[in-house]
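Here this note's numbering is used: position 43 in the sequence shown is 56, and no number is missing along the way.
Virtual Cβ for every residue (Gly too), placed ideally from N, Cα, C.
A short worksheet on the structure shown next.
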Amino acid sequence: MTENPEVTKNPGTLDVILSVNEGISSHKRSPIKSTSSTSSSCRICHDNDLPETLVSPCLCTGSLALVHVPCLEKWLTTSKTRHCEICEFPFKTKNNYRPIREWLLSERGPGASGHFYSDFLCLFLLSPLCFVSVYLCTVQAVKYIQKCHWEGIGLALISISILSTYFMWAFVTVRFHLRCLRNWQQEHRTVQLHQSHIIHRTLPREDFNP
14 MTENPEVTKN
24 PGTLDVILSV
34 NEGISSHKRS
44 PIKSTSSTSS
54 SCRICHDNDL
64 PETLVSPCLC
74 TGSLALVHVP
84 CLEKWLTTSK
94 TRHCEICEFP
104 FKTKNNYRPI
114 REWLLSERGP
124 GASGHFYSDF
134 LCLFLLSPLC
144 FVSVYLCTVQ
154 AVKYIQKCHW
164 EGIGLALISI
174 SILSTYFMWA
184 FVTVRFHLRC
194 LRNWQQEHRT
204 VQLHQSHIIH
214 RTLPREDFNP
């Protein structure tokens, strides 16, 4: 083997060539490790060290077919879709909504603005007051009507007005807070993949080796 005169004159060049050759040799010794770790991983989190089993829930093939169930459920929850973005396969899912207790204690819940508790207090105090007033007005209206006094008609109209106003206010208030609850549950819902819909098929690593 003949030596290159330029390499002999410049010892630094020889060190560079040796380091490059060592890098190429080490890369050739372990090509399967990098290929298998990237190919047989979850297509969403790209991590094959998680304890969850890789499954094939749709019609995708190869490395795109493998996914962790928690990763897929989180992706479906975030993207608000119900099908695979690649093969358009529809997933069978169900929505899990958080309980009302978490809504009451959350930062964006009814306690954030204070309207819920003030409305609840008004409903608690005005309900007995309203019904007692209507009852007294109705009793007096019946007595006046039996005596043919026109005051009875006025008391009857007052009773109807009080009762109508109360029920209208209660209906609007309850509907408003129920709508806030539904919106909060929609924003914080989680999607669960139906287990009978999943094909539990873990592909061996050697299938991905070149």
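**Q.** Touch test, the region 141 to 157 against the region 167 to 180, Cβ-Cβ under 8 Å, three pairs minimum
**A.** The answer is yes - the region 167 to 180 touches the region 141 to 157, with three or more Cβ pairs under 8 Å.
Q | Simplified DSSP state of residue 85, which is helix, strand or coil | A | Of the three classes helix, strand and coil, the one that applies to residue 85 here is helix, per DSSP.
(Q) Taking the beta carbon of residue 81 as the centre, do at least 16 other beta carbons fall within 10 Å, making it buried, or is it exposed? (A) Residue 81 comes out buried.
Q: Would you identify the three-state DSSP class for residue 59, choosing helix, strand or coil?
A: The answer is coil: DSSP assigns residue 59 none of H, G, I, E or B.
**Q.** Residue nearest to residue 150 in terms of C-alpha spacing, selected from 89, 187, 167
**A.** Checked all of 89, 187, 167; the closest Cα to residue 150 is 167.
Q. For residue 96, which residues does DSSP report across the bridge?
A. For residue 96, which the question treats as bridged, DSSP gives the partners 103.
Q.
Assuming contact is defined by CB atoms lying nearer than 8 Å, are residue 172 and residue 154 in contact in what I supplied?
A. Taking 8 Å as the Cβ cut-off, residue 172 and residue 154 qualify as a contacting pair.
**Q.** For residue 148, the nearest candidate out of 169, 70, 74, 159 (CA to CA)
**A.** The closest CA to that of residue 148, considering only 169, 70, 74, 159, is found on 169.
Q. Which full runs of the alpha helix (DSSP H) of 4+ residues lie inside the region 125 to 168, going along the chain?
A. Counting whole runs of 4 or more residues, the region 125 to 168 contains the alpha helix (DSSP H) stretches 128 to 159.
(Q) Below 8 Å on the Cβ atoms is my contact criterion, and I expect residue 206 with residue 70 to pass it. Report the Cβ-Cβ distance as a whole number of Å. (A) The beta-carbon separation of residue 206 and residue 70, rounded to 7 Å, stays under the 8 Å limit for a contact.
Q. Leaving out five residues before and five after residue 202 in sequence, what residues of the same chain have Cβ atoms less than 6 Å from its Cβ?
A. The residues are 108, 110.
Q: Spell out the partners DSSP gives residue 67 in its beta bridges.
A: Paired residue(s): 81.
**Q.** residue 203 in three-state terms, based on DSSP
**A.** Looking at residue 203 - three-state DSSP - the assignment turns out to be strand.
**Q.** Terminal residues of the alpha helix (DSSP H) in which residue 111 lies
**A.** In the DSSP assignment, residue 111 falls outside any alpha helix (DSSP H) and carries neither an H nor an E.
**Q.** Own chain partners of residue 73 with C-beta closer than 7 Å, once the 5 adjacent residues on each side are dropped
**A.** Here the set comprises 97, 99, 100.
Q. If you drop the 5 nearest sequence neighbours on each side, which residues of the same chain put their C-beta closer than 8 Å to that of residue 77?
A. Excluding residues within five positions, the ones whose Cβ falls inside 8 Å are 56, 99.
Q: With DSSP as the reference, label residue 119 as helix, strand or coil.
A: If DSSP states are grouped into helix, strand and coil, residue 119 belongs with coil.
Q. Of the choices 84, 183, 200, 91, whose alpha-carbon is the least far from that of residue 139?
A. For residue 139, the nearest C-alpha among the options comes from 183.
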